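First the structure, in the form of structure tokens, and then the observations on it.
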Amino acid sequence: MNLRRQYDADIVVVGLGAIGSSTLWRLAERGISVIGLEQFSPGHDRGSSHGNSRLFRVACLEHPNLVTMARRSRDLWRDLEALSGESLLKVTGSVTIGEPSTAAIRGALAAAEVHSLDVELLTSAEVRERLPQHAGIPNDHIGVCDPEAGILRPEAAIVAAVEAAQGAGAQVVPKSPVAGIERVDDGVIVTTATTSFTARQVVLTAGAWLGNLVPDLPVRSRRVMQSWFAPKQPDDPSFSLDNLPVFIRVNDEATSYWGHGDFDGGGTKIGIDWDPNARWTAPDQLDRNVHQVDFQLVSDVVASGLPGLDPNPLRVLPCMVTYTPDHQFFVGRPKDDQRLIVGGGGSGHAFKHAAGIGEAIAQIASGEEPFLDTGFVSPTRPMGSVIDDLRPHVA
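Terminal number for the sequence shown in the numbering used here: 999, no gaps in between.
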């Protein structure tokens, strides 16, 4: 089929969550004709990008190249703040606490060494003095402080990116789940329940639904809980964000948790890195009910590690995290297909990089040289095909 002179847009972006909204914005800013399709509405709570906050880190333990991605993302988040008038990124600094041989500590220090980051090393005694909210820190643990870290506001960031994209000329079609994608000689045909769109390229940034659209892509989604806690003493200021900045605490390689203080009156947010009770789920079958088992482990670590908090959570929300076999996200063209780009498989650490991922995708789509070597996130990289249930990963 010949699609020449029949295009509805140069590019269609499917899914306007964390990565898709940023991609739409960065494409539109380049003057590229782009349509964004979203099965719900931008900023929704049905997928992976809700819950008031996401951690932002620069000393990225998952791969040294992510330092470059994080810093480019930070610049773009600041640009988006200027465009929208919204506060999206608050820098608090962070501390990663654990035994020096753990992957989290080694990864953060490796990133710092490669990029000459101004991290600070703390002894266990110094961690206890600086963060007395934490209890039971062993003497052989250390702290790695990342002064560039903080939190992002996910819903606000997505809405701001979509609105910025619209202001630059993008067309946005909400409540339009995609029924099919046909790759033809000169491009793609993207079909919804009510219409079809033709384009030269399609960008698939559908979060937990990515595997439905590209069945041979090795991704799998997990039901993960977000939990918030109140201080036992209602007037205790030590659990505000100013006094309890972002932290990652690794008890051992199998048990780690993360969190930050209250910044919006909703409580101190604490999450388990890899809860063995969390369940793999099809995205359209996510159980949105909350059960005792969903927060038992996080309540236990709060009771032992943060005893100033009431271990009974104020609220608990489910979301989905989509994993790849090596727990590194995808950015690029599967099988080098020039009609298709994917961005996803966030594996619990992509939101902080979403603006930079969107920039990289826009560069790939428009034939520019990406601002960093994307080989380590390429969907064609060697990574195996099995997603290991037991492998821990720090958010």
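The C-beta atom is built at its ideal place from N, Cα and C for all residues, glycine as well. Small disclaimer: the values here were computed from a predicted structure and weren't measured.
Continuous beta strand (DSSP E) stretch holding residue i: start and end
i: Ile874; result: 872-876
i: Leu913; result: Run containing Leu913: none; DSSP gives neither H nor E here.
i: Ala613; result: 613-618
i: Gln770; result: Where Gln770 is concerned, there is no enclosing beta strand (DSSP E), although the alpha helix (DSSP H) it sits in stretches over 758-771.
i: Glu963; result: Unbroken run through Glu963 is the alpha helix (DSSP H), 958-970; no beta strand (DSSP E).
i: Trp832; result: 824-833
i: Asn855; result: 850-856
i: Gly863; result: 859-864
i: Gln942; result: First-last for Gln942: undefined, no H or E at that position.
i: Gly747; result: 746-750
i: Glu703; result: First-last for Glu703: undefined, no H or E at that position.
Cα-Cα separation, residue i to residue j
i: Val946; j: Pro781; result: 17 Å
i: Asn881; j: Val828; result: 9 Å
i: Leu607; j: Phe955; result: The predicted position of Leu607 is uncertain, since its pLDDT is 41 and thus under 50; a value taken from the coordinates is nonetheless stated next. Going by the C-alpha atoms only, they are around 35 Å apart.
i: Arg676; j: Gln932; result: 18 Å
i: Val806; j: Gly640; result: 10 Å
i: Gln770; j: Ala714; result: 40 Å
i: Trp862; j: Thr802; result: 43 Å
i: Val897; j: Pro911; result: 20 Å
i: Val723; j: Ala712; result: 9 Å
i: Asp789; j: Asp612; result: 16 Å
i: Leu620; j: Glu752; result: 27 Å
i: Phe644; j: Val906; result: 34 Å
i: Gly950; j: Val618; result: 16 Å
i: Gly635; j: Ala772; result: 7 Å
i: Arg826; j: Thr885; result: 6 Å
i: Phe851; j: His895; result: 26 Å
i: Glu633; j: Gln967; result: 11 Å
i: Val763; j: Pro778; result: 12 Å
i: Gly870; j: Gly952; result: 22 Å
i: Arg995; j: Leu628; result: For Arg995, the predicted model reports a pLDDT of 49, less than 50, meaning its position is unreliable; a value from the coordinates is still stated below. About 33 Å.
i: Glu717; j: Arg630; result: 31 Å
i: Leu817; j: Val794; result: 11 Å
i: Leu735; j: His957; result: 27 Å
i: Ala729; j: Asn743; result: 7 Å
Buried versus exposed call for residue i [16 or more other C-beta atoms within 10 Å across all chains shown]
i: Pro704; result: exposed
i: His864; result: buried
i: Ser800; result: exposed
i: Asp856; result: exposed
i: His719; result: buried
i: Val998; result: Only weak support exists for where Val998 lies, its pLDDT of 46 falling under 50; the value from the coordinates is given anyway. Answer is buried; the Cβ neighbour count reaches 16.
i: Arg853; result: buried
i: Gly784; result: exposed
i: Leu725; result: exposed
i: Asp750; result: buried
i: Thr727; result: exposed
N-terminal and C-terminal residue of the alpha helix (DSSP H) that residue i is part of
i: Phe899; result: 896-909
i: Glu724; result: Run containing Glu724: none in the alpha helix (DSSP H); it sits in the beta strand (DSSP E), 724-726.
i: His719; result: 707-719
i: Ile623; result: 622-633
i: Asn816; result: 814-817
According to DSSP, residues forming a beta bridge with residue i
i: Ile741; result: According to DSSP, Ile741 bridges with nothing at all.
i: Lys694; result: Ile755
i: Phe934; result: Gly948
i: Ser1001; result: Coverage of the chain is limited to positions 605 through 999, which leaves residue 1001 absent and any answer about it impossible.
* Asked: Which whole runs of the beta strand (DSSP E) in the stretch 648-680 are 3 residues long or more, in chain order?
  -> Entirely contained in the stretch 648-680, the beta strand (DSSP E) runs reaching 3 residues are, in chain order, 658-660.
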